[in-house]
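> If you read the sequence shown in our numbering, its first letter stands for residue 14, the second for the next number, and so on. All residues carry an ideal CB built from backbone N, CA and C; glycine is no exception.
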Amino acid sequence: MEEAGKDFRSLLMRLPAVDELLKSAEGRLWLSLYPRRYVLMAIRERLEALRLEIRGGGQPPRDQAAVASGVEALIKKYTAPSLRGVINATGVVLHTNLGRAPLARAALENVAGIAKGYSNLEYDLAKGKRGKRHSHLRRLITDITGARDATVVNNNAAAVMLALSTLAGGRQVIVSRGELVEIGGSFRIPDVMAQSGAVLVEVGTTNKTHLRDYERAIGPDTALILKVHQSNYRITGFTSDVPIEELVALGAKHRLPVMYDLGSGCLYDLRPHGVGAEPVVSEVVKTGVDLVTFSGDKLLGGPQAGIAAGSEEVISKMNANPLARALRIDKMTLAALEATFFLYADPETAASEIPVLRMLLEKPQTIRERAQRLASGIGAGADVSVEVVSDSSEAGGGSLPGVSLPTWAVSVRSGRLTPNRVEESLRTGTPPVIARIKADALLLDARTVGDEEVPALAARLSGILA
Ligand SMILES: *Cc1c(COP(=O)(O)O)cnc(C)c1O
14 MEEAGKDFRS LLMRLPAVDE LLKSAEGRLW LSLYPRRYVL MAIRERLEAL
64 RLEIRGGGQP PRDQAAVASG VEALIKKYTA PSLRGVINAT GVVLHTNLGR
114 APLARAALEN VAGIAKGYSN LEYDLAKGKR GKRHSHLRRL ITDITGARDA
164 TVVNNNAAAV MLALSTLAGG RQVIVSRGEL VEIGGSFRIP DVMAQSGAVL
214 VEVGTTNKTH LRDYERAIGP DTALILKVHQ SNYRITGFTS DVPIEELVAL
264 GAKHRLPVMY DLGSGCLYDL RPHGVGAEPV VSEVVKTGVD LVTFSGDKLL
314 GGPQAGIAAG SEEVISKMNA NPLARALRID KMTLAALEAT FFLYADPETA
364 ASEIPVLRML LEKPQTIRER AQRLASGIGA GADVSVEVVS DSSEAGGGSL
414 PGVSLPTWAV SVRSGRLTPN RVEESLRTGT PPVIARIKAD ALLLDARTVG
464 DEEVPALAAR LSGILA
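#1: Quick check: is any heavy atom of ligand 1 less than 7 Å from the C-beta of N168?
#2: Could you compute how far the alpha carbon of G191 sits from the alpha carbon of D282?
#3: What do you reckon, are the CB atoms on V423 and V399 nearer than 8 Å?
#4: Going along the chain, which residues of its own chain have a beta-carbon closer than 6 Å to the beta-carbon of S412, five neighbours each way excluded?
#5: Run the proximity test for K311: is its beta-carbon closer than 7 Å to any non-hydrogen atom belonging to ligand 1?
#6: Please go through the region 322-366 and give each complete alpha helix (DSSP H) segment of 4 or more residues, from N-terminal end onward.
#7: Kindly indicate the opening and closing residues of the beta strand (DSSP E) around L312.
#8: Mark S10 as exposed unless 16 or more other C-beta atoms lie within 10 angstroms of its C-beta, in which case mark it buried.
#9: Which residue wins for smallest C-alpha separation from N332, given the options V52, H147, L275 and G442?
#10: Quick test of the definition: if touching needs 3 or more C-beta pairs under 8 Å, does the region 355-366 touch the region 421-439?
#11: Might you give, ordered along the chain, the residues of its own chain that have their beta carbon closer than 8 Å to the beta carbon of R371, omitting 5 neighbours on each side?
#12: Here's a check: name, in chain order, each residue in its chain whose Cβ is nearer than 7 Å to the Cβ of E228, leaving out the five neighbours to either side.
#13: Determine the direct distance from the alpha carbon of N334 to that of G144, and round the result to whole angstroms.
#14: Tell me whether S23 sits in a helix, a strand or coil according to DSSP, three-state version.
#15: Indicate the three-state DSSP secondary structure (helix, strand or coil) for Y227 in the structure shown.
#16: Does the beta carbon of H242 fall short of 7 Å from some heavy atom of ligand 1?
#17: Can you tell which of G409, S324 and A117 has its C-alpha closest to the C-alpha of T362?
#18: Go to I450, then tell me how far its beta strand (DSSP E) extends in each direction, as first and last residue.
#19: Count the other C-beta atoms from every protein chain shown that fall within 10 angstroms of the C-beta of S427, then say buried if there are 16 or more, exposed otherwise.
#20: In whole angstroms, what separates the C-alpha of D137 from that of R49?
#21: Does the beta-carbon of Q317 have 16 or more other beta-carbons within 10 angstroms, so that it is buried, or is it exposed?
#22: In whole angstroms, what is the alpha-carbon distance linking Y91 and P73?
#23: Return the chain-ordered list of same chain residues with a C-beta closer than 6 Å to the C-beta of G197, the five sequence neighbours on each side being excluded.
#24: Have a look at M14 and Y51 and give me their C-alpha separation to the nearest angstrom.
#25: With respect to the beta strand (DSSP E) encompassing M273, which residues constitute its N-terminal and C-terminal limits?
#26: Say yes only if the C-beta of V165 is nearer than 7 Å to one or more non-hydrogen atoms of ligand 1, and no if none qualify.
#27: From D458 to D234, what distance separates their C-alpha atoms?
#28: How is S412 classed by DSSP in three states: helix, strand or coil?
#29: State buried or exposed for K376, treating a residue as buried only when at least 16 other CB atoms are found within 10 Å of its CB.
#30: When you compare each of A181, G183 and E122 to A11 by their alpha carbons, which one comes out closest?
#31: Does the region 151-164 come close enough to the region 182-190 to have 3 or more Cβ pairs within less than 8 Å?
#32: Could you tell me which whole alpha helix (DSSP H) segments of length 4 or greater appear in the region 76-120?
#33: Step through the CB atoms of chain D and report whether any lies within less than 8 Å of the CB of T164.
#34: On the premise that L34 lies in contact with R64, defined as a C-beta separation below 8 Å, what is that separation, rounded to the nearest angstrom?
#35: Nearest by alpha-carbon distance to A454: which of D404, S95, F21 and V165 is it?
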């Protein structure tokens, strides 16, 4: 026992001291590159791990360089940002877990320009006095949607909540049972309704709701008729729901406001391109609906935001609600959204400049060529098969439910590594790559991979498969 203890001690003594490592050439380099707190944390963790190893019977590292290399890896781990860019090879264009909509260049440039300095965020330059934050987007949104007035909050869940609180706080809202959606596990229309203080009155059955169901539910306590887009699912078969036009007529008859939560809110007509059957927002507004709400970062392709467009009466009440202050957008969102909306002033510019629209509308042949470039960039070994295969991708993010987009993907099989192993390596390396597994192969959908990402993605795969 005595001997073994002495042995440990002499081995432990051979480890460098914290100070020694800090003063070494490597240590001085680390201190010039990284915050001191993380350099120290990494050194201490590395030395502690080595002490444990020695106590467990291991040998100390050969030299200081061997100690240092372990420290460097830990410093990198501690100083790597948590929020990182990833390559989306899933083919899901609006991937909620991957940040939904990538922004257009014009939006990025506007954010950088506005955020780096001061701005007239709440200042009226013509009058030289306090101005209104939501005034900046009002004209563009009303131009493009045809609504009389508009306001913007943090996300569409907030827009729905603000609208319900404003129009129906403490009173009843009539909604079809088939439209009580849950989006992404956390946004449930009934829960948002409860938070807003509105009382839910469900009408109809899951698959069928008729106009007479709404009409029967109207009473002295009714404040609002609400229609909700069935965003991420589609009831098929024996179904019927009431078109917004009929609800607008019903609202007019009973002097009740009608609201339509569109969820995605499409500003560019995708139908002529054979992509889905989504009406554009201006068509919905034309029905005379009092209020529509939709997301900034779904089909619109902008930053996270919730847009409420409707009558002047409804919008001014919403802006006056104290909740509006808590749900307001910041200047970066405003800058990104204004630039994105401006692109819609010319629909063809929107289609080519807004990444979400570009990816949804991309020709299969273009996707196929990108997949081929990716496939030929993968330096595969003898036991690896790399093929370009046809597949289908989806819009995602609760948009265009049931619409499948023909696409091309690179299918990778390795004789040595399971698809799960390859998927994990791709996901945990730099840059992280998110891919799918299908029929025992790793599948990389070229729809959501940028041309400029192809070389990096090919290099990552070559490295893993080699
Ligand atoms: C996505 C969605 C929402 C929530 O919008 P966020 O911008 O994600 O907050 C609300 N309603 C519907 C119908 C949706 O599809």
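So, from the listed chains and residues:
#1: Remark: the C-beta of N168 is in contact range of ligand 1, defined as less than 7 Å to any heavy atom.
#2: The alpha-carbon atoms of G191 and D282 are separated by roughly 26 Å.
#3: Yes. Within cutoff.
#4: Taking C-beta separations shorter than 6 Å and ignoring five residues to either side along the sequence, the partners of S412 in its chain run L107, S277, K311 and L312, following chain order.
#5: yes
#6: Listed in chain order, they are 325-333, 336-339, 344-356 and 360-366.
#7: Careful: L312 lies outside any beta strand (DSSP E) and carries neither H nor E.
#8: Look at the range of the chain in this structure, 14 to 479, and you will see that residue 10 is not part of it.
#9: H147
#10: no
#11: A364 and S365
#12: L263
#13: 18 Å
#14: DSSP places S23 in helix when its eight states are reduced to three.
#15: helix
#16: At least one heavy atom of ligand 1 is nearer than 7 Å to the Cβ of H242, so yes.
#17: A117
#18: R449 to K451
#19: buried
#20: 46 Å
#21: buried
#22: 24 Å
#23: With a pLDDT of 46 at G197, under the threshold of 50, the predicted position of this residue should be treated as unreliable, and no value is reported.
#24: Bear in mind that the predicted position of M14 carries a pLDDT of just 46, short of 50, making it too unreliable to give a figure here.
#25: According to the sequence provided, residue 273 is Tyr. The question's Met does not apply to it. It spans V271 to G276 - the beta strand (DSSP E) in which Y273 sits, taken as one unbroken run.
#26: Distances from the CB of V165 to the heavy atoms of ligand 1 are all 7 Å or more.
#27: Rounded to whole angstroms, D458 to D234 spans 51 Å at the Cα level.
#28: coil
#29: Under this definition K376 is an exposed residue.
#30: Nothing in the structure corresponds to residue 11, since the chain is present only between 14 and 479.
#31: no
#32: Uninterrupted alpha helix (DSSP H) stretches at least 4 residues long and entirely within the region 76-120 occur at 77-92, given in chain order.
#33: Annotation note: the requested chain D is absent from the structure, which comprises a single protein chain.
#34: For a cut-off of 8 Å, the C-beta gap from R64 to L34 is around 14 Å, too long to register as a contact.
#35: D404
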